[in-house]
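Just below is one structure, and these are the notes that go with it.
Chains as they are written, first to last, in the numbering used here: chain A, -19 to 401; chain B, -19 to 401.
Put into structure tokens, the structure is as follows:
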């Protein structure tokens, strides 16, 4: 059996060696490599220094079969990836008139004259395959060396992204050899990681532990399922795994698409129901409304919202009766319900979300610690309520509270859709 | 002159080679290294594989004088940084009873028995200096090899952080040799990077181009000034540079502290003035309110806000007259002014922000392209207005619009403070 191909990544750029920035291009490259069954054995970052780039490139070629270099193909004097590769592999740089012409015509199309510095980008390594870059001036390069392969890509993220699809994927499809991998993501809201882990334990036994990965962020879990093999087998296995996991985790699975956030799914349900929503928030300060309106086209179902920090605003804008505020306190079930119903009534929406809580660090009172959050959802003549004590700092409490509110609305929308059917 | 010391970083952990996670420990290490004038020449990540770790470590020692390794010191079988270092440097691993005793007593203090696996953490490299780790079981190690130095640190961020202060900083203070560096950050709102660059050009000549770095995000620029030398010289030079740059950039400098966001500074000004603010937003969907309330204690000056997506809400909640909406359209100066004044009046605040625009991708009309944003600020009996066509996608337009609104309020607060003085 041929040992599987291993990849190494080299990001070039002095700005990536400071205390502020990380090389994120490697994540995009890794995603594609893993999809074709090629693991990454070494990632590295060097500055715009010819000697350092050449040394690291030689080292990468000693440990990996496929080396992907990003950055250092620009027009300025500190872009030296081409020169460093020439040194590392002992090859010449050749000037190509056709590439210069392509670069010059790109500038012309934008109504500009090509600056003299861009001439440098028309140099290519002897024996290299030139990879067109429709989104920028620097072409990419592919070289073979002792049975190993080196790609040079531009470092500008959207240029790189285009070239991954155009150049890297077709090459991997042909050469990766290993079985291609395919993934499906189930997204799960407001269930602790340990509970998800426990719920899906049977699936670990049935499908193998390495086929299922859990990625957790605040109140949001991605269950990533992976399958190898031929296209048909893969998609059959993924369908089977998705079904099984959705069954084990239950209603908390809000989407089977990696890219669908909870606010997107809630929007889809509202749109499908032809319904509208309004919000009345206190401690989240507008985060629920802000999340709902991140989705393009949300004006179709989002009517508006109120951020009611001061009690007077809760009363005057949302009709929360002063006696209720006085008797129960601003952070209470009664006020959450009044906010949700006030949002419905005063903003003329079918559904209303009411949210009040203590995000911290200050504001705790006896019996109401930091993280206490009351959420109510009003709609179809019924208001439901939940209370939780959410963990974490101010930012995390606010994030979790908004997630809790959106998830409650999603469940209500699901039930009402079932009831209507 | 001795060539300056260069550092290399190696993060160990297979989880850092996937498509989801980046090694962020290197940023903390880099920050400290740069403070002591030690540049990083190579950063790298390898998986939990003895051969790969050893190969990369040898390579790092060939290009750097100081090598910092994080991760792979844990108790489980896949933690092999100690073994890999032994291989790379040709040294023995020695079992240390005193370290085992320290680990066991740590477990005892937590009321637990030490698992057998933790015995592995009592092995140290021959000739290594042992670095106590008060926050975890794995001690760190420091080794000298051919005039070069290797540190092995745990990868758990809070354990590492403690050891940076306890072990790395004192070592750097003694050995870095180069002059220590100190930085000051000026933060600048809503000025394009190219304009800032042009404005500060004289300072490049006066202080040297490599002393000033520009870092730009949406509507927010950090000007980072760096000075070397003795403590007194450094702070004098930084004070001088800050003054000069603040003078060149002008009022757009909103803070001289790295950690102060625009919403924090606006909050400080409101608090100082004993004034309150309310918001009335359309296309930002609550983002301005959400940003203002990210700041702990913002309930002292933030009264509340309205997110008025539907025209009916603009009218009923904020008193925008239907005729104005009809005549000028929802995205207009007149509506922005009415929103700002409505927020002031109806939410009983001293200041009101009104914001309306087209975040896209849909919603453009002839003469009102995507990105058109009107912002008005009402207060002290006067309403000011600005319009802009902001570039970028939905997320960027919303971010820039919220920045524009907060910056307008900041300028108004500054003028009113001057007028009051």
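Positions of the beta carbon are idealized from the N, C-alpha and C atoms, including for glycine. Small disclaimer: the values here were computed from a predicted structure and weren't measured.
- Proximity of the segment -19 to -1 of chain B to the segment 3 to 12 of chain A meets the contact definition, three or more beta-carbon pairs being nearer than 8 Å.
- Excluding the 5 residues flanking it on each side, residue 294 of chain A has same chain C-beta neighbours closer than 6 Å at 288, 300, in chain order.
- The shortest CA-to-CA distance from residue 126 of chain B to any of B:246, B:90, B:11, B:70 is the one to B:70.
- Distances from the alpha-carbon of residue 330 of chain A to those of A:389, A:237, A:15 put A:389 closest.
- About 5 Å separates the CB atoms of residue 50 of chain B and residue 135 of chain B; that is less than 8 Å, so the two are in contact.
- Less than 8 Å divides the Cβ of residue 262 of chain B from the Cβ of residue 336 of chain B.
- Using a Cβ-Cβ distance cut-off of 8 Å, the segment 101 to 115 of chain B and the segment 66 to 80 of chain B are in contact, since at least three pairs of beta carbons, one from each stretch, lie closer than that value.
- Contacts with chain A at 8 Å (Cβ-Cβ) include residue 21 of chain B.
- By the CB criterion at 8 Å, residue -15 of chain B and residue 77 of chain B fall outside the cutoff.
- Assignment of residue 295 of chain A by DSSP, reduced to helix, strand and coil, places it in the helix class.
- Shown here, residue 354 of chain B sits in a strand according to DSSP, grouped into three states.
- Residues of chain B with a Cβ closer than 9 Å to the Cβ of residue 16 of chain A do not exist, since the nearest Cβ in that chain sits about 12 Å away.
- Judged by beta-carbon spacing, residue 165 of chain A lies beyond the 8 Å limit of residue 189 of chain A, meaning their Cβ atoms are not closer than that value.
- Interface annotation, residue 182 of chain A: not in contact with chain B, CB-CB separation never under 8 Å.
- In this structure, residue 75 of chain A sits near residue 102 of chain A, with a CB-CB distance shorter than 8 Å.
- If you keep only unbroken beta strand (DSSP E) runs of at least 3 residues inside the segment 121 to 194 of chain B, you get 128 to 133, 161 to 169.
- Each of A:152, A:247, A:117 was checked against the Cα of residue 129 of chain A, and the nearest Cα belongs to A:152.
- Runs of the beta strand (DSSP E) lying entirely within the segment 303 to 377 of chain A, each at least 3 residues long, are 331 to 337, 352 to 359, 362 to 369 in chain order.
- DSSP places residue 244 of chain B inside the alpha helix (DSSP H), whose first and last residues are 242 to 253.
- Along the segment 329 to 358 of chain A, the positions whose C-beta sits under 7 Å from a C-beta of chain B are 341, 342, read in chain order.
- By the criterion of a C-beta distance shorter than 8 Å, residue 34 of chain B is surrounded in its chain by 64, 65, 67, 68, once the five residues flanking it on both sides are discounted.
- Nearest to residue 391 of chain A by C-alpha distance, out of A:183, A:170, A:196, is A:170.
- Within the segment 283 to 300 of chain A, those residues whose Cβ lies closer than 9 Å to any Cβ of chain B are, in chain order, 283, 284, 285, 286, 287, 288, 289, 290, 292, 293, 294, 296, 297.
- If you compare the alpha carbons of B:339, B:123, B:-9, B:360 with that of residue 324 of chain B, the shortest gap goes to B:360.
- From the beta-carbon of residue 39 of chain B, the residues of chain A found nearer than 7 Å are 39.
- Around the CB of residue 23 of chain B, 16 or more other CB atoms lie within 10 Å, so the residue is classed as buried.
- In the three-state scheme derived from DSSP, where H, G and I count as helix and E and B as strand, residue 202 of chain B is classed as strand.
- The C-alpha of residue 258 of chain A lies about 15 Å from the C-alpha of residue 274 of chain A.
- With a threshold of 16 other beta carbon atoms within 10 Å, residue 42 of chain B falls short and is exposed.
- Under DSSP, residue 33 of chain A takes part in no beta bridge, so it has no partner.
- Between the alpha carbons of residue 18 of chain B and residue -13 of chain B lies a distance of about 7 Å.
- Rounded to the nearest whole angstrom, the CA to CA distance from residue 138 of chain B to residue 241 of chain B is 25 Å.
- Chain-ordered listing is empty here: chain A has no CB closer than 7 Å to the CB of residue 312 of chain B, the nearest sitting near 17 Å.
- By the beta-carbon neighbour count (other beta carbons within 10 angstroms, threshold 16), residue 90 of chain B is exposed.
- Remark: C-beta atoms of residue -10 of chain A and residue 37 of chain A approach each other more closely than 8 Å.
- With contacts defined by Cβ atoms closer than 8 Å, residue 283 of chain B and residue 256 of chain B form a contacting pair.
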